[in-house]
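Novice: Numbering (this note's numbering), first residue to last: 88 to 493. Think of the CB as a built atom: it goes at the ideal place given N, C-alpha and C, for glycine as much as any other residue. The structure under discussion is supplied below as structure tokens; questions concerning it will follow.
In structure tokens form, the structure reads like this:
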């Protein structure tokens with residue numbers, strides 16, 4: 088199992104040998120088709136700088152192994168039609184899984200990144216073993232819907248709350264998933280989902296999703312703040328996901344919001360299982376803030392709905408929540424200086440209500456005010472990041488299989 092979002096780098100061909108040059112040519116042609124879409128031999132030759140005979144041989148090799156296919160013809164001149172080639176999206180499939188406290192979300196995509204099936208299943212698990220079984224069952228249902236078998240999957244990426252612990256093959260800091268910190272849990276997931284499994288923090292995957300296809304496209308340094316049952320942050324610096332020394336970068340739920348004081352700086356404080364900031368600003372706290380403002384609501388979603396409808400008590404609760412989230416942004420801005428803050432998660436998607444008070448509070452308290460925007464992918468952000476991560480591995484895997492097959 089690969090953890091922390093690592094990707095297969097691909098085997099380095101023996102440079103200078105005929106086999107090595109052939110492999111390099113094949114890879115150049117395949118990469119060109121993946122990045123530019125369907126194209127003709129002359130255009131591929133111009134784009135790669137390779138000769139037409141070399142292009143022809145590379146396309147023949149790739150087509151014989153199912154990595155490239157023809158998709159018709161196009162006119163290139165008077166009376167002439169050239170064959171169009173494309174990277175075969177059906178050469179393999181990838182599986183993305185988003186494990187949340189309320190839902191297990193699953194998607195399968197082809198090698199072009201097009202989702203062929205997606206489903207949600209309610210997370211009713213109360214133990215780690217039960218949750219692993221639920222994840223396995225959801226994956227099997229998705230494969231059945233897509234008409235695929237497990238062997239058709241080239242890579243699988245799971246997004247989960249928490250920090251990966253390589254030593255104990257487990258997660259840490261997951262107060263919202265009972266038993267999810269048990270030693271050996273990653274091995275159980277791999278047994279359930281099969282080889283080729285990659286595991287990544289869900290907030291990190293949300294950041295990758297927004298970076299690849301969402302609100303952060305083209306932005307080199309940004310953070311994705313997800314606020315729902317818990318609070319997490321994916322951090323991208325100079326186009327690279329930043330995890331920190333122990334994989335815990337972005338665990339902003341542990342920011343010391345409301346630091347306990349009793350007049351004794353050396354006093355003993357009970358170590359909370361849930362982070363101070365998470366307890367103060369996640370979805371459950373929105374309900375508690377609303378109650379303190381004299382209203383009764385069962386969920387954060389209800390509070391935001393009432394705020395949209397103009398309920399003054401709900402609006403006050405939302406503004407207080409915005410102030411607590413502004414504290415997170417101010418702390419992060421002073422350390423990372425992000426160009427952009429993308430808000431996501433069940434609470435964070437209410438950017439239309441949160442953005443103005445957040446920016447106003449930030450403007451009064453710090454000169455460091457990054458741009459705040461709504462995530463474009465909504466509840467699909469983690470799945471989009473999982474699929475994007477899986478594709479990076481899958482593209483290398485299918486190519487290496489072809490090379491080994493000769």
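For the beta strand (DSSP E) holding residue 247, just list the boundary residues, first then last.
Specialist: Position 160 of the chain shown holds residue 247. Element bounds for residue 247: 240–247.
Novice: Say whether the stretch 421–430 touches the stretch 305–320, bearing in mind that this needs 3 or more beta-carbon pairs closer than 8 Å, one atom from each stretch.
Specialist: Contact holds: three or more Cβ-Cβ distances are below 8 Å.
Novice: Grab me the residues of residue 112's own chain with a C-beta within less than 7 Å of its C-beta, minus the 5 sequence neighbours each way, in chain order.
Specialist: Along the chain shown, one-based indexing puts residue 112 at 25. Taken in chain order, the residues that qualify are 137, 141 and 145.
Novice: Do you know how far the Cα of residue 129 is from the Cα of residue 267?
Specialist: Along the chain shown, read from residue 1 onward, the residue named residue 267 stands at position 180. Along the chain shown, read from residue 1 onward, the residue named residue 129 stands at position 42. Residue 267 and residue 129: Cα-Cα distance of roughly 54 Å.
Novice: Between the Cα of residue 445 and the Cα atoms of 254, 407 and 422, which residue gives the shortest distance?
Specialist: Within the chain shown, residue 445 is the residue found at index 358, counting from 1. If we check each option's Cα against that of residue 445, 407 comes out closest.
Novice: With distance defined between alpha-carbon atoms, name the residue in 188, 391, 121 and 157 nearest to residue 201.
Specialist: Indexing the chain shown from 1 puts residue 201 at position 114. Comparing Cα-Cα distances from residue 201 to each of 188, 391, 121 and 157, the minimum goes to 121.
Novice: What number of angstroms, rounded off, separates the C-alpha of residue 485 from the C-alpha of residue 455?
Specialist: Residue 485 sits at position 398 when you count from the first residue of the chain shown. Residue 455 sits at position 368 when you count from the first residue of the chain shown. Distance between the alpha carbons of residue 485 and residue 455: 46 Å.
Novice: Quick one, which of 189, 174, 384 and 133 has its alpha-carbon nearest residue 147's?
Specialist: Sequence index remark: in the chain shown, residue 147 carries index 60 (1-based). Comparing Cα positions, the closest option is 174.
Novice: Hey, how far is the Cα of residue 263 from the Cα of residue 210?
Specialist: Mapped onto the chain shown, residue 263 falls at position 176. Mapped onto the chain shown, residue 210 falls at position 123. Looking at the two C-alpha atoms, the distance is approximately 12 Å.
Novice: In or out: residue 158 buried (at least 16 other Cβ within 10 Å) or exposed?
Specialist: As a first step, residue 158 must be located in the chain shown, where it is residue number 71. The residue is exposed, with fewer than 16 neighbouring Cβ atoms inside 10 Å.
Novice: Tell me which residue opens and which closes the alpha helix (DSSP H) that residue 221 is part of.
Specialist: Stepping through the chain shown from its first residue, residue 221 is reached at position 134. Unbroken alpha helix (DSSP H) run through residue 221: 215–233.
Novice: Excluding the 5 residues flanking residue 473 on each side, which residues of the same chain have their C-beta closer than 6 Å to its C-beta?
Specialist: Here residue 473 refers to the residue found at position 386 of the chain shown. So the qualifying residues of the chain are 183, 244, 246 and 292.
Novice: Please determine, among 241, 368, 272 and 180, the residue with the shortest C-alpha to C-alpha distance to residue 220.
Specialist: Within the chain shown, the letter at position 133 stands for residue 220. Checked all of 241, 368, 272 and 180; the closest Cα to residue 220 is 272.
Novice: I need the straight-line Cα distance from residue 391 to residue 232, nearest angstrom please.
Specialist: If you number the chain shown from 1, residue 391 lands on position 304. If you number the chain shown from 1, residue 232 lands on position 145. Those two C-alpha atoms are separated by around 35 Å.
Novice: On a CA-only basis, which of 172, 168 and 217 is nearest residue 191? Give me that one, please.
Specialist: Position 104 of the chain shown holds residue 191. Per the Cα distances, 217.
Novice: According to the Cβ coordinates, are residue 229 and residue 195 closer than 8 Å?
Specialist: In the chain shown, the residue the question calls residue 229 occupies position 142. In the chain shown, the residue the question calls residue 195 occupies position 108. Contact: yes.
Novice: Is the beta carbon of residue 315 sitting closer than 8 Å to the one on residue 471?
Specialist: Position 228 of the chain shown, counting from 1, holds the residue named residue 315. Position 384 of the chain shown, counting from 1, holds the residue named residue 471. No, the pair does not count as a contact, with Cβ atoms beyond the cut-off.
Novice: Taking only three categories from DSSP, how would you classify residue 272?
Specialist: As a first step, residue 272 must be located in the chain shown, where it is residue number 185. Three-state DSSP puts residue 272 in a helix.
Novice: Out of curiosity, what's the CA-to-CA distance linking residue 105 and residue 330?
Specialist: Mapped onto the chain shown, residue 105 falls at position 18. Mapped onto the chain shown, residue 330 falls at position 243. Their Cα atoms are separated by approximately 40 Å.
Novice: Would you list the one or two residues that DSSP bridges to residue 309?
Specialist: In the chain shown, the residue the question calls residue 309 occupies position 222. Residue 309 is bridged to 323 and 427.
Novice: Could you work out which residue in 436, 452 and 440 is closest to residue 417 when comparing CA atoms only?
Specialist: Here residue 417 is taken as the residue at index 330 of the chain shown, counted from 1. Measuring from the Cα of residue 417, the nearest candidate turns out to be 452.
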